[in-house]
Amino acid sequence: MKRAAIAVLLFLVLSEAEANECVGLQKIRESLMAANKPRVAKLAEDTPEKVPCGSIGPVLSRLARRETTGGRRLERDRPVSAARVQAEMDAAHRDPEVRDLLEEVARDTPDANVRLFYEAAILDDGGYYAARDAKIDQLRKQLE
Amino acid sequence: MSHQIWRCSVALVVLLLGIAFAVGAEEEKPSFFKSLRDRLGGQSDSPGGDAESTNIKDIDKVSKYAAVVLDRECPRLVQPYKLTDNFASLTVFAAKEGFNTLTRMVMTPKGSAKAERIPKATKLAANQLNWLPMAAEVRYGEHLHQEETNTLDRESRLGKRHYPTVDAMLQTMLSQVNEPHEYEFKLFILKNATRNAVARPGGFLYIDQGLVDDPSAHLKAHFALAHEIAHVLQRHETKELQSLVIDSASSRDDLVKLMRGIRKDPGLIVSHVKMGKNRFTRHHIDQELQSDSCAVRLLGRVLPDAQALADSLNAFLRDLPPPEPGEAPATAATGAGALGATIQDIVDSPIKRHPTSDERFKNLRTIYEDVLRHKAAAR
Chain A
5 MKRAAIAVLL
15 FLVLSEAEAN
25 ECVGLQKIRE
35 SLMAANKPRV
45 AKLAEDTPEK
55 VPCGSIGPVL
65 SRLARRETTG
75 GRRLERDRPV
85 SAARVQAEMD
95 AAHRDPEVRD
105 LLEEVARDTP
115 DANVRLFYEA
125 AILDDGGYYA
135 ARDAKIDQLR
145 KQLE
Chain B
6 MSHQIWRCSV
16 ALVVLLLGIA
26 FAVGAEEEKP
36 SFFKSLRDRL
46 GGQSDSPGGD
56 AESTNIKDID
66 KVSKYAAVVL
76 DRECPRLVQP
86 YKLTDNFASL
96 TVFAAKEGFN
106 TLTRMVMTPK
116 GSAKAERIPK
126 ATKLAANQLN
136 WLPMAAEVRY
146 GEHLHQEETN
156 TLDRESRLGK
166 RHYPTVDAML
176 QTMLSQVNEP
186 HEYEFKLFIL
196 KNATRNAVAR
206 PGGFLYIDQG
216 LVDDPSAHLK
226 AHFALAHEIA
236 HVLQRHETKE
246 LQSLVIDSAS
256 SRDDLVKLMR
266 GIRKDPGLIV
276 SHVKMGKNRF
286 TRHHIDQELQ
296 SDSCAVRLLG
306 RVLPDAQALA
316 DSLNAFLRDL
326 PPPEPGEAPA
336 TAATGAGALG
346 ATIQDIVDSP
356 IKRHPTSDER
366 FKNLRTIYED
376 VLRHKAAAR
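Those protein sequence lines, which keep their order, are chains A and B.
For the first sequence, our numbering assigns the number 5 to the initial residue and increments by one for each residue that follows.
For the second sequence, our numbering assigns the number 6 to the initial residue and increments by one for each residue that follows.
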């Protein structure tokens, strides 16, 4: 009986651990390791639950790759203005959900690089892409 | 190796077609071309028709190179995509060429037009068609799509908000593509604040969220989507790939001549490379202009009136980026200076670039006026 209870408990713990693992993230991390980018892959280790799962992989990929993907573009890609980035940062801090998360990671994450990574993921999930890209650029420079 | 087999097969078929029509040309009456096209169910004169009918491209120009756009004004929204369409198009072309040759032979006293020129012209016409099977094109598109990691999830909070807007836009546009095609378009929003759009082979379309979440950007979004649909229906990516293969292979004789000439003038090799690069870049630019043209023709069907069409085009033109490196014409130099400048230009200027804003403006205006003329005539 005791053994059965332990087995059930173990199953529940393992299931929960699997549920917390973001879909596709392991594959992205493996490809980063294969591409000799362990510092980037390491950023996503032990990511707290408050960081949106669906944004971790895309931010990691964006961080690791500079070149644009293939295809026919309407026009040449160009960077967004600094004013737009600032406007998005301001808007993100007015958005209660996003602001609370940003404040939490600022408080709970001592490593500056990891903090930037979490902030980029939170901004990505909130739809503040210009602000996200600014964080990614900043992080990329710090990792170089 | 597979390219060689493919080229040989195409060459053989067009050769056989050419011979058949060269032999038959003298027996045919001038109405042959029309009746042949009628028999094949060609639609080059009329839009519409069902997916089972043959999609014949009316080829009226050929070039020594595959990497050229000969119909930049987009006379047809959908390029042939089936092998049967290509063969039917070549059959019609060969028949027309056979008839033209006959006319030349009659009109020219010494009979300078030789029958053996027909297969060569038909072979060049074959270079203007896209021979990559649709299934391969879709797989190529899927491969490129797998590399795209920045798409907005349809089931996310923002996805549920924005996808209905662009889905409706796409459906409205596709409902106005009357020509038969087999593309299953797949539309994705890219998590970008910018206002760009992308097309990949096989019907993969992408539009920046910056064009969707701001209603004031929707006028440009319409143009962007129409432009990208045009890239797919014109099969630009695979045509460009095919042209690179054909042009590099068919220049063997030129290469021998070039090697002989280099002994006298070492600068020849630089000129040769520059010419090749310029031709490829021009091809890329002309494909962009062709997509602009197709976008205007498609929007002319979708948008309610001339003003709405003009508004959409203006929204796009107003938002064009500043000139990029390589757009400005190189300054003329002589002697060693010229050679150095040419090498620098080859290395520095991008091989794939967009048309200048001025080129795009002039082209859009021409097609816009043409669309209005056709609408007025239809009324």
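Heads up, the beta-carbon is just placed ideally off N, CA and C, and yes, glycines get one too.
- Burial state of Gln-146 of chain A is exposed, judged by a 10 Å Cβ sphere holding fewer than 16 other Cβ atoms.
- Shown here, Val-55 of chain A sits in coil according to DSSP, grouped into three states, outside any helix or strand.
- A residue is called buried when at least 16 other Cβ atoms come within 10 angstroms of its Cβ; Leu-75 of chain B does not meet this threshold and is exposed.
- Buried is the label assigned to Asn-197 of chain B, since at least 16 other Cβ atoms lie within 10 Å of its Cβ.
- Taking a Cβ-Cβ cut-off of 8 Å, the neighbours of Gln-214 of chain B in chain A comprise Gly-131 and Tyr-133, given in sequence order.
- Taking C-alpha positions only, Lys-87 of chain B is separated from Pro-42 of chain A by approximately 47 Å.
- With a threshold of 8 Å between beta carbons, Thr-73 of chain A makes contact with chain B.
- Between the alpha carbons of Asp-218 of chain B and Ala-134 of chain A lies a distance of about 14 Å.
- The residue among B:Pro-185, B:Arg-159 and B:Thr-371 with its C-alpha nearest the C-alpha of Val-301 of chain B is B:Thr-371.
- Residue range 272-307 is occupied by the alpha helix (DSSP H) that includes Arg-284 of chain B.
- Ile-126 of chain A sits buried, since 16 or more C-beta atoms from the chains shown fall within 10 Å of its C-beta.
- Between Leu-82 of chain B and Leu-238 of chain B, the C-beta gap is smaller than 8 Å, which places the two residues in contact.
- Listed along the chain, the chain B residues whose CB falls inside 8 Å of the CB of Pro-62 of chain A are Thr-154, Asn-155 and Lys-196.
- Within 7 Å of the CB of Glu-242 of chain B, the CB atoms of chain A belong to Arg-76, in sequence order along the chain.
- Residue state for Phe-209 of chain B is assigned as strand, using DSSP reduced to three classes.
- Apart from the 5 residues on each side of it in sequence, Arg-88 of chain A sits with its Cβ closer than 6 Å to the Cβ of Ala-134 in its chain, given in chain order.
- Cβ-Cβ distances below 7 Å link Ala-204 of chain B to Leu-210, Glu-233, His-236 and Val-237 in the same chain, with the five nearest sequence neighbours on each side left out; the list follows chain order.
- In this structure the region 29-39 of chain A lies against the region 48-63 of chain A, because at least three pairs of beta carbons, one per stretch, are closer than 8 Å.
- Judged by their CB atoms, Thr-286 of chain B and Lys-357 of chain B are nearer to each other than the 8 Å cut-off.
- Under the 10 Å beta carbon count, Ile-64 of chain B is surrounded by 16 or more other beta carbons and is classified as buried.
- Here the region 103-123 of chain A does not lie against the region 165-176 of chain B, with fewer than 3 beta-carbon pairs under 8 Å apart.
- With a cutoff of 8 Å on beta-carbon distance, Leu-175 of chain B and Arg-200 of chain B are scored as not near each other.
- Rounded to whole angstroms, the separation of the alpha carbons of Leu-303 of chain B and Ala-231 of chain B is 7 Å.
- With 16 or more neighbouring CB atoms inside 10 Å of its own CB, Ile-290 of chain B falls in the buried class.
- Closer than 8 Å to the CB of Glu-187 of chain B there is not a single CB belonging to chain A.
- Within chain A, the residues placing a beta-carbon under 7 Å from that of Val-203 of chain B are Gly-75, Arg-76 and Arg-77, ordered along the chain.
- For Glu-147 of chain B, no chain A residue has a Cβ inside 9 Å of its Cβ, as the nearest lies near 12 Å away.
- A straight line joining the alpha-carbon of Arg-111 of chain A with that of Ser-85 of chain A spans about 29 Å.
- Assignment of Ile-32 of chain A by DSSP, reduced to helix, strand and coil, places it in the helix class.
- Around Asp-104 of chain A, no beta-carbon contact reaches into chain B at under 9 Å, the shortest distance being about 16 Å.
- Close CB contacts of Asp-213 of chain B within its chain, under the 7 Å cut and outside five residues either way in sequence, are with Leu-195, Asn-197, Thr-199, Arg-200, Asn-201 and Ala-202 (chain order).
- Your pair Asn-132 of chain B and Ala-71 of chain B checks out as a contact, with CB atoms roughly 4 Å apart and the cut at 8 Å.
- Pro-271 of chain B has its alpha-carbon roughly 47 Å from the corresponding atom of Thr-89 of chain B.
- Shown here, Val-203 of chain B sits in a strand according to DSSP, grouped into three states.
- Your pair Leu-322 of chain B and Leu-377 of chain B does not check out as a contact, with CB atoms roughly 17 Å apart and the cut at 8 Å.
- Taking the Cβ atoms as the reference, Asn-155 of chain B lies roughly 18 Å from Arg-80 of chain A, outside the contact range of under 8 Å.
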